[in-house]
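Per the numbering used here, the very first residue in the sequence shown carries number 431; after that it's consecutive. This report refers to the structure that appears directly beneath it.
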Amino acid sequence: MKLPSASYWPRISKCRLSGVKELWTEEESGEWAKRGTAIHGYLADVMSGKSKPLGNVPKEYREDCEAITTAELPVECEKRFVEQAFAYDVPTGQAVAFAADGHRGYSDAEDVVHGTADVVGLMADGGVCILDWKTGHHRVDPAARNWQLRVLAMAACVVYRADHGVLALHYTEDGWTDVAEFDAFDLAAWEAELRQMAGEISPDAPPVVGSHCKGCPAFRRCSAQTAMIRQLATGSNTIASDIQSMLAPETARLAYERLQTVKAALAHVERAIHAYAEEEPIALGEGRYYGPAPGPERIVNHEEVYQLVKQVSPDGAITDQLNTADWKTSKERIQKVFGKNDASKLIEILRQRGAIKKSVTIREYRKGA
Ligand code: SF4
Numbered sequence: 431m432k433l434p435s436a437s438y439w440p441r442i443s444k445c446r447l448s449g450v451k452e453l454w455t456e457e458e459s460g461e462w463a464k465r466g467t468a469i470h471g472y473l474a475d476v477m478s479g480k481s482k483p484l485g486n487v488p489k490e491y492r493e494d495c496e497a498i499t500t501a502e503l504p505v506e507c508e509k510r511f512v513e514q515a516f517a518y519d520v521p522t523g524q525a526v527a528f529a530a531d532g533h534r535g536y537s538d539a540e541d542v543v544h545g546t547a548d549v550v551g552l553m554a555d556g557g558v559c560i561l562d563w564k565t566g567h568h569r570v571d572p573a574a575r576n577w578q579l580r581v582l583a584m585a586a587c588v589v590y591r592a593d594h595g596v597l598a599l600h601y602t603e604d605g606w607t608d609v610a611e612f613d614a615f616d617l618a619a620w621e622a623e624l625r626q627m628a629g630e631i632s633p634d635a636p637p638v639v640g641s642h643c644k645g646c647p648a649f650r651r652c653s654a655q656t657a658m659i660r661q662l663a664t665g666s667n668t669i670a671s672d673i674q675s676m677l678a679p680e681t682a683r684l685a686y687e688r689l690q691t692v693k694a695a696l697a698h699v700e701r702a703i704h705a706y707a708e709e710e711p712i713a714l715g716e717g718r719y720y721g722p723a724p725g726p727e728r729i730v731n732h733e734e735v736y737q738l739v740k741q742v743s744p745d746g747a748i749t750d751q752l753n754t755a756d757w758k759t760s761k762e763r764i765q766k767v768f769g770k771n772d773a774s775k776l777i778e779i780l781r782q783r784g785a786i787k788k789s790v791t792i793r794e795y796r797k798g799a
């Protein structure tokens, strides 16, 4: 069976169904994921001792990277490897290490879990330290019971012949590092548990709903989620009262988790309706529609703006103020820098050159309005 990579195992440890790759649907890589990739690349360059690591970071994420407290390994290590990829063979417990080369895609081999550790340290006492950077605000499973770290540690211990070590999660937003130690007994228990979990991944596994459903690649095809969406769509739902009835001290946490799942389901429904309306405006009655409608004017060609502003302000002072060096500015900023009258002349020229156009947004509108 083709097994998911290490980062999916914290969710699989709670819901085996989420590990069925045949149920996965491609999710677009969102803005948050792109930011995470940029920060990981930056931290890898910092840890590798590259000069001017900010130089490789896309401009839009440089401020975020500058604000980061870069993590050192929480224990003293004699050697360290950045972006170290592993393949762990679940049935045999064998593992190999290979260079991740900065890309985070993995090949599909049977019964093997692939994964990349942000940093692996080899400790003076023969142990290994696995460090993973977390770039969002969201707290993941603690280091002491985090299956992403556990799988990476199991592979690293085979490759570097270690039987103990340290797991660490460093949260780049607030600089906190969550650290946990492990020993040979833990490794043996994890090995058995991982084998059991891998054997339980099946389309027939029961869905286990919880806050871990957020971001699940099987979400769209998950029977529990589709049933809930159907309930929401038909209006015959008792979801709100169900959640409310869980508001007792012993079940409040479950109520909160249920609410997060409902919110995630709603976000999926919203995206689906949005995509449908983009192709086919939805008639809402009384002349109202939900679909593509003219939105505010937007700059669509930043280079054209840059060239025009350079013509009227050749000394570069205004291009700097407009931040057009990376060709990104806004109509509002042009108005602020040039004043209302000059700005409207510039904006008119930009309209004629097709550099400013009316945008299209998906929203409610009235036909003919
Ligand atoms: S959405 Fe939740 S219940 Fe469904 S497969 Fe994913 S983790 Fe399991």
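Don't be surprised by glycine CBs; every beta carbon is placed ideally from N, CA and C.
Between the options, which lies nearest to residue i when the distance is taken from Cα to Cα?
i, options, result
"LEU738", "VAL550, VAL450, ILE786 and GLY605", "ILE786"
"SER653", "PRO434, ALA436, TYR438 and LEU453", "LEU453"
"GLY721", "THR656, GLU794, ASP613 and MET676", "GLU794"
"ASP634", "SER448, PRO434 and LYS432", "SER448"
"LEU582", "THR467, PRO647, TRP563 and GLN514", "GLN514"
"GLY725", "LYS775, VAL790, SER443 and THR522", "VAL790"
"GLU727", "ARG781, ALA682, ARG763 and GLY523", "ARG781"
"ALA554", "ARG510, THR546 and PHE528", "ARG510"
"ARG651", "ASP519, ALA529, PRO434 and VAL450", "VAL450"
"VAL609", "TYR491, ALA618, ASN576 and ARG683", "ASN576"
"CYS587", "PRO636, ALA529, ASP548 and ALA525", "ALA525"
"PRO488", "GLY466, SER443 and LEU503", "GLY466"
"ARG783", "ALA773, LYS797 and VAL730", "VAL730"
"VAL520", "CYS507, ALA585 and THR607", "ALA585"
"LYS797", "LYS766, GLU716 and ALA678", "GLU716"
"ASP616", "ARG580, TYR706 and PRO637", "ARG580"
Mind checking who residue i pairs with in its DSSP beta bridge?
i, result
"LYS788", "GLU727"
"ILE560", "VAL550 and LEU597"
"LYS432", "GLU540"
"GLY721", "ARG793"
- Task: For the segment 492-558, list the beta strand (DSSP E) runs that are entirely contained and at least 3 residues long, ordered along the chain.
- Result: 507-519, 525-529 and 542-553
- Item | the segment 688-695 contacting the segment 622-642, beta-carbon criterion three pairs below 8 Å | yes
- Check your reading: residues with Cβ closer than 6 Å to the ligand SF4 heavy atoms: ARG441, CYS445, LEU447, SER448, PRO637, VAL638, VAL639, HIS642, CYS643, CYS646, ALA648, PHE649, CYS652, ALA654 and GLN655
- Query: Can you list the alpha helix (DSSP H) stretches of 4 or more residues lying completely in the segment 658-715, in chain order?
  - Reply: 669-675 and 682-709
- Validate contact between the segment 436-456 and the segment 624-638 using beta carbons, cut 8 Å, 3 pairs: In short, these stretches touch, since the Cβ pair count reaches three.
- Do the segment 491-498 and the segment 553-560 touch if we need at least three Cβ pairs shorter than 8 Å? no
- Give a yes or no on contact between the segment 654-663 and the segment 470-477, applying the rule of three or more CB pairs nearer than 8 Å. no
- Which runs of the beta strand (DSSP E), 3 residues or longer, sit entirely within the segment 571-634? Runs of the beta strand (DSSP E) inside the segment 571-634: 595-601 and 606-612.
- Query: Is the segment 587-607 close to the segment 563-572, with three or more CB pairs under 8 Å?
  - Reply: yes
- Message: Under 8 Å, with one C-beta from each stretch per pair, do the segment 581-596 and the segment 482-490 reach the 3-pair mark?
- Response: The segment 581-596 is not in contact with the segment 482-490.
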